[in-house]
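A.B. asks:
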Amino acid sequence: MKTSNIALVAGLVTGMGLSATAWSGAKIAVDDNISVTVGARVQALAIRTDKDLDGDGDYEKDNDFRVRRARLLVKTQLQDNLTFFIQTEASDDEGGTGSDMRVIDSWVNYKFDNWLQLYAGQHMAPASRQALTASNKMMAIDRPGNNTKNLTWGARTMSGFNTATFGPSNDSAISGRNAVRDVGMSLFGAGELGEGVHLKYYAGMFDGVQKSSAAEDNLRYTARVQLNLMDDEAAFWNSSTYLGKKKTVGFGLSYDVQDKVQDATLVDENTGDLVGDGDYTYWSIDAFADLPLGPGALTLEAAYSDLDLGSATQQSVQSQGNGWYLQTGFYINQWQPWVEFEAWDSDSANGAGSYDMFRVGVNYYIQGHNANFKLGLEKLNSDQNITAEEDSLTSLVFGIYTNF
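Taken in order, the sequence shown gives residues 13 to 416; the numbers are from the working numbering.
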């Protein structure tokens, strides 16, 4: 049965004609109007990191191999202005003996005009520039650790190049039911305001997280606006480096809000009353530049973000606060050394959840963003101890990144 199915697919591909698309993948023309584009993405990592393996409070070195992403992508175009998209992701099963596939993207796009498009279904909320950066086009191995402070990722911090949660930041307990995506509708548009001046916007409403006991159905509202000078970034998704293929400077602002994502349980020490409202507010401002410089290209990206959880719990105080990141790299002759700095200042009185992080690495591009090697070193310093004896965390990652 499996052999015949494979043969059938091969026959369809051969009979319909196969051609490359701008976003990689293979395009199958069904007729003059309908086409199907299929692709895949695999990111395999070797990780060496600090971990308290025996529970004595001191670190030992932990070596691990992980498939960071394993995805199948299918986009179907029904007519010029109507497409739908499905993307799957591999996730480890509970027994640790294999992986199960789940759907992380499933949306429909209707294009009324370049300035007005509708995305409906399960897709990424436009909470920040990095949230909208394609996972196969990240420069510093993965997204900054504090990018996961928005609601999509549960208002937490990720360490080990986003392979683990930084413990003190994960106690807000407001992760949604759709990991790394949300279900809703977004308006999106992009175009040129004048010569060398480009604008794009996002405005969405989503299910978000609804863990409050209040009998209310509060939606999540997210908006973003981005202005680019010189070349545009007209696509829904951004890149964190264009490898010398663009000359652009961009500025963005995002705002993300939802009422009563959780109950107020923080007790006022003086009155004994419950305080806080359990509301969620996150905003981010960012700047980006990708410019030719001498024999290569310089990439710069920086952002500042602020998270307010309404002080719903003491643990939320450890998660909420404000932070920033800065990353830069230089691309030359298929090589790209890069460096990243980031920090988060939590609202906790004892500094729990606050940290600073340094990352440095180098990428080698075999075939641009479709095939490359990445090597990175990360050092996280926590304001409070992570274990009984340790207040910092060092991780070394080597990855092979492929995309088709």
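Positions of the beta carbon are idealized from the N, C-alpha and C atoms, including for glycine.
Because the structure is a prediction, the values reported are computed rather than measured.
Check the C-beta distance from residue 413 over to residue 386 and give it rounded, since I have them as a contact under 8 angstroms.
C.D. replies: That pair is a contact at about 6 angstroms.
A.B. asks: List the residues that DSSP assigns as beta-bridge partners of residue 119.
C.D. replies: Paired residue(s): 97 and 133.
A.B. asks: My output table needs one value for residue 296: the three-state DSSP class, helix, strand or coil.
C.D. replies: Here residue 296 sits in strand by DSSP.
A.B. asks: Among 231, 192 and 239, which has the Cα closest to the Cα of residue 212?
C.D. replies: Here the closest residue by C-alpha is 239.
A.B. asks: Taking the C-alpha atoms as reference points, what is the distance between residue 358 and residue 143?
C.D. replies: Each residue's alpha carbon lies about 21 angstroms from the other.
A.B. asks: Does DSSP put residue 364 in a helix, a strand or coil?
C.D. replies: Residue 364: coil per DSSP, three-state reduction.
A.B. asks: Which class does residue 400 belong to by DSSP, given the choice of helix, strand or coil?
C.D. replies: Here residue 400 sits in coil by DSSP.
A.B. asks: Assign residue 146 to one of three DSSP states: helix, strand, or coil.
C.D. replies: In this structure, residue 146 counts as coil in the three-state DSSP scheme.
A.B. asks: Comparing C-alpha positions only, which one of 370, 206, 340 and 361 sits nearest to residue 353?
C.D. replies: Per the Cα distances, 370.
A.B. asks: Applying the criterion that 16 or more other CB atoms from any shown protein chain within 10 Å of the CB defines a buried residue, is residue 105 buried or exposed?
C.D. replies: Unreliable positioning characterises residue 105 in this predicted model, as indicated by a pLDDT of 49, which lies under 50. The coordinate reading is nonetheless provided below. Exposed: under 16 other Cβ atoms inside 10 Å.
A.B. asks: By how many angstroms is the C-alpha of residue 69 removed from the C-alpha of residue 391?
C.D. replies: Taking the straight line from one Cα to the other gives about 18 angstroms.
A.B. asks: Between the beta-carbon of residue 9 and the beta-carbon of residue 291, is there less than 9 angstroms?
C.D. replies: This structure cannot speak to residue 9, because the chain is shown only from 13 to 416.
A.B. asks: Do you know whose CA, among 176, 347, 293 and 172, lies nearest residue 220's CA?
C.D. replies: The residue with the shortest Cα to Cα distance from residue 220 is 293.
A.B. asks: Between 145, 128 and 127, which has its C-alpha nearest residue 135's C-alpha?
C.D. replies: Nearest C-alpha to residue 135: 145.
A.B. asks: Among residues of its own chain, excluding the 5 on either side of residue 123, which ones have a beta-carbon nearer than 6 angstroms to its beta-carbon?
C.D. replies: Contacts found: 93 and 129.
A.B. asks: Nearest to residue 298 by CA position, among 415, 140, 406 and 194, is which residue?
C.D. replies: Residue 298 has its Cα closest to that of 140, out of 415, 140, 406 and 194.
A.B. asks: Is the Cβ-Cβ distance between residue 260 and residue 242 less than 9 angstroms?
C.D. replies: It is a contact, given that the beta carbons lie within the stated cut-off.
A.B. asks: Any chance you could list the beta strand (DSSP E) runs of at least 3 consecutive residues sitting entirely within the stretch 152 to 227, in chain order?
C.D. replies: Segments of the beta strand (DSSP E) lying fully in the stretch 152 to 227: 194 to 206 and 209 to 218.
A.B. asks: Hey, would you say residue 236 sits closer than 9 angstroms to residue 265, going by beta carbons?
C.D. replies: The answer is yes: Cβ separation under 9 angstroms.
A.B. asks: Hey, could you find the ends of the beta strand (DSSP E) residue 308 is sitting in?
C.D. replies: Unbroken beta strand (DSSP E) run through residue 308: 308 to 320.
A.B. asks: Spatial neighbours of residue 58 within its chain, please: C-beta separation below 6 angstroms, excluding the five flanking residues on both sides.
C.D. replies: These residues qualify, in order along the chain: 77 and 410.
A.B. asks: Residue 73: which of 258, 80, 61 and 82 sits nearest, CA to CA?
C.D. replies: Nearest C-alpha to residue 73: 61.
A.B. asks: Against chain B, with Cβ distances strictly below 9 angstroms, would residue 262 count as a contact?
C.D. replies: This model lacks chain B altogether, as it is built from one protein chain only.
A.B. asks: Short of 8 angstroms in beta carbon distance, which residues of its chain neighbour residue 382, apart from the five on each side in sequence? Order them along the chain.
C.D. replies: Taken in chain order, the residues that qualify are 36, 148, 414, 415 and 416.
A.B. asks: How big is the Cα-Cα spacing for residue 198 and residue 244?
C.D. replies: Whole-angstrom Cα-Cα distance: 21 angstroms.
A.B. asks: Between residue 201 and the rest of its own chain, which residues show a CB-CB distance below 8 angstroms, the 5 nearest in sequence each way excluded?
C.D. replies: Excluding sequence neighbours, residue 201 sits near 125, 126, 127, 128, 129, 212 and 213.
A.B. asks: Determine the burial state of residue 407: buried for a count of at least 16 other Cβ atoms within 10 Å of its Cβ, exposed for fewer.
C.D. replies: Buried, because 16 or more other Cβ atoms sit within 10 Å of the Cβ of residue 407.
A.B. asks: According to DSSP, what are the bridge partners of residue 268?
C.D. replies: Answer by DSSP bridge pairing, in chain order: 234 and 294.
A.B. asks: If I follow the unbroken beta strand (DSSP E) through residue 348, where does it start and stop?
C.D. replies: Where residue 348 is concerned, the enclosing beta strand (DSSP E) stretches over 347 to 358.
A.B. asks: Going by DSSP, name the residue or residues bridged to residue 43.
C.D. replies: Residue 43 pairs with nothing; no bridge assigned.
A.B. asks: Under the three-state reduction of DSSP, which class applies to residue 329: helix, strand or coil?
C.D. replies: Here residue 329 sits in helix by DSSP.
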